[in-house]
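Written out below as structure tokens is the structure these notes cover.
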Amino acid sequence: MSDAHPPVAARPADPEAVPQIAPQASLLDAVERLADRFRSMPQSRLLAAVPGHASRAAAVLALVRGFAATALALEGEPPRAVPDAGAFAVGDQLAVAGHDLAAAAAGRPEVLAEALAAVAAADALTA
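Take 11 as the starting number for the sequence shown in the numbering used here and just add one per residue.
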């Protein structure tokens, strides 16, 4: 008698699930990349001004606040302020807000696409 298990046939991907998973994963990847960049950025770059914002950190904090507001609205929650925890915390704030938004917007590819575009714009602005 053999202990080997017969191979399990792979199930085909549910075509309805693919459009919902891919945008969510793309957003999370982009958020993590930008958050990691900000976590390792020196103070001089974090505090340097960029067009439309007093600093790179302020630009990403604006993105964080937008993500938080959108996630709360999608969840039917009242708006809450996201505090300015300082330039060195903005990468972590982005990671949290990005993950919250990705969870709240699951099944809403248009919201996920808008958020991904916002991350790309912030990435370009703060490069």
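Glycine residues also receive a C-beta, built at the ideal position from the N, C-alpha and C atoms.
For residue i, three-class secondary structure by DSSP
i	result
V92	coil
Close beta carbons around residue i, own chain, < 6 Å, minus the five adjacent residues each side
i	result
G101	A45, F48, R49
V121	A115
L37	A112, L122, A125, L126
D110	A81
Rounded C-alpha distance that separates residue i from residue j
i	j	result
A112	A91	19 Å
L135	A40	14 Å
A123	A59	27 Å
P89	A79	6 Å
R118	L84	10 Å
M51	A99	11 Å
Close Cβ partners of residue i (< 7 Å) along its chain, the five nearest in sequence each way excluded
i	result
A132	L44, A69, V70, L73
D94	L71
Given residue i as reference, the closest of the options once Cα atoms are compared
i	options	result
L126	G117, G108, A137	G108
A97	E87, S54, L84	S54
inquiry  = My parser needs the alpha helix (DSSP H) runs of 4 or more residues fully inside the segment 80-129; what are they?
reply    = 100-114
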